[in-house]
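Notes to accompany the following structure.
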Amino acid sequence: MVPLSYYLVLSGILFACGVAGFLIKRNIITIFMSIELMLNGVNLSFVAFAAHWHALAGQVFVFFVMVVAAAEAAVGLAIIIAVYRTRETLNVDQVNLLKL
Amino acid sequence: MISVHLILFLAFGAVALAGAVNLLAQTHPINSALSLIAVMAALAGEYLLLGAEFVAAVQVIVYAGAIMVLFVFVIMLLNAGIEDRTKGSRVAVLFGIPGMLLGSLLVAWVLLRHSGTEAVAVGALPGAPKTIGMLLFHEFLLPFEITSILILIAIMGAVVLASKPPTAPPVEKVSD
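Chains A and B, in that order, give the protein sequences. Read in order, the letters of the first sequence correspond to residues 100 to 199 in the working numbering. Read in order, the letters of the second sequence correspond to residues -9 to 166 in the working numbering.
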């Protein structure tokens, strides 16, 4: 038996790691992976709450989050490829203009 | 008394945390991607502990499988190297790290102290694919159909964005 709060603390720590990575990382792909880490942290709390409240809808929400994450990954990585093609760099500090 | 459930939770949680910290510590994107895969696999274990079998399977297949393969593919495609370090501001280090520690301690204390003490039991909730499917195709039918449109738009967007832009006009053929 594991209390709900343990799951919530783990989920919060994962989310915080994602936020920290989003802020300190300089590679655009790693920043994108930090966003995925944040989504995973949120998913964990969804499942934990679903188990706690005996509501299966929480697990369905996780399914939708995964679908949106997949769509986001496809479009985001395409954008990264387009950015790399025009700027020849993945460092976000050098990508500071919307239009070249 | 420490139950097997708690031990498994701590083991999977430790793997997830180590992966998340490693993602931050590594400088090469491919190492970060691999540690993110470790985080996702460990989270699939946590989902199994919570009785969410379907979500655990989808986590491994879709997240750790499909999405991360996409990431690794792009890292390889763009030949991403070690990232450059940029100098952060001194104030951020001086105040940010203690502030973050304080905030996380506060949140952990509130959650551990004031949240419900009810425990989540193994197998308390059937998360089998059949149950999820019944829910998905009855109550959540409209959102489910809308996500299919979202996926379609994402496919088209990815194709349009990643395709080569029309470059210089084709060279005229030398006619003689």
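C-beta atoms are modelled at their ideal positions from N, C-alpha and C, and glycine is treated no differently. All values derive from a computational prediction rather than experimental measurement.
Closest Cα partner of F44 of chain B within the set A:V159, A:W152, A:A154, A:R186: Counting from 1 along the second sequence, the entry for residue 44 of chain B is found at position 54. Out of A:V159, A:W152, A:A154, A:R186, A:V159 has the C-alpha closest to the C-alpha of F44 of chain B.
* Asked: Starting from N21 of chain B and walking both ways along the alpha helix (DSSP H), at which residues does that stretch end?
  -> The count along the second sequence starts at 1 and reaches residue 21 of chain B at position 31. Segment 19 to 39, the alpha helix (DSSP H) holding N21 of chain B.
Mark A4 of chain B as exposed unless 16 or more other C-beta atoms lie within 10 angstroms of its C-beta, in which case mark it buried. By one-based count along the second sequence, residue 4 of chain B stands at place 14. The residue in question, A4 of chain B, is exposed, as its Cβ has fewer than 16 Cβ neighbours within 10 Å.
Mind pulling the chain A residues with CB within less than 9 Å of I141 of chain B? The sequence position of residue 141 of chain B within the second sequence is 151, counting from 1. The contacting residues are V166, A169, A170, A173.
Margin query: If I measure Cβ to Cβ from R186 of chain A and keep anything under 8 Å in the same chain, skipping five residues before and after, which residues do I get?
Written below: In the first sequence, residue 186 of chain A corresponds to position 87, counting from 1. Q193, V194, L199, listed in sequence order.
Chain A residues whose Cβ lies nearer than 8 Å to that of E36 of chain B: Here residue 36 of chain B is taken as the residue at index 46 of the second sequence, counted from 1. The contacting residues are Y106, L109, L143, V146.
Q: Look up N69 of chain B in the DSSP assignment and say whether it is helix, strand or coil.
A: Sequence index remark: in the second sequence, residue 69 of chain B carries index 79 (1-based). N69 of chain B: coil per DSSP, three-state reduction.
Bridge partner(s) assigned by DSSP for N195 of chain A
Against the first sequence, residue 195 of chain A aligns to sequence position 96. Partner(s): none; N195 of chain A has no beta bridge.
### Message
Is it the case that the segment 160 to 167 of chain A contacts the segment 10 to 30 of chain B, given that we only count it when at least three CB pairs across the two stretches are under 8 Å?
### Response
Cβ pair count under 8 Å is below three, so no.
Assess contact between the segment 120 to 129 of chain B and the segment 133 to 147 of chain A, defined as three or more Cβ pairs (one per stretch) separated by less than 8 Å. Is contact present?
No, the segment 120 to 129 of chain B does not touch the segment 133 to 147 of chain A.
Give a yes or no on whether the minimum CB-CB distance between M132 of chain A and chain B is below 7 Å.
-> Position 33 of the first sequence, counted from the first residue, corresponds to residue 132 of chain A. Yes, M132 of chain A lies at the interface with chain B (some Cβ there is under 7 Å from its Cβ).
Q. What residues are listed by DSSP as bridge partners for N12 of chain B?
A. Here residue 12 of chain B refers to the residue found at position 22 of the second sequence. Bridge partners of N12 of chain B: none, in fact.
| Between the C-alpha atoms of I139 of chain B and I(-3) of chain B, what's the straight-line distance to the nearest angstrom? | By one-based count along the second sequence, residue 139 of chain B stands at place 149. By one-based count along the second sequence, residue -3 of chain B stands at place 7. So the alpha carbons of these two residues sit roughly 42 Å apart.
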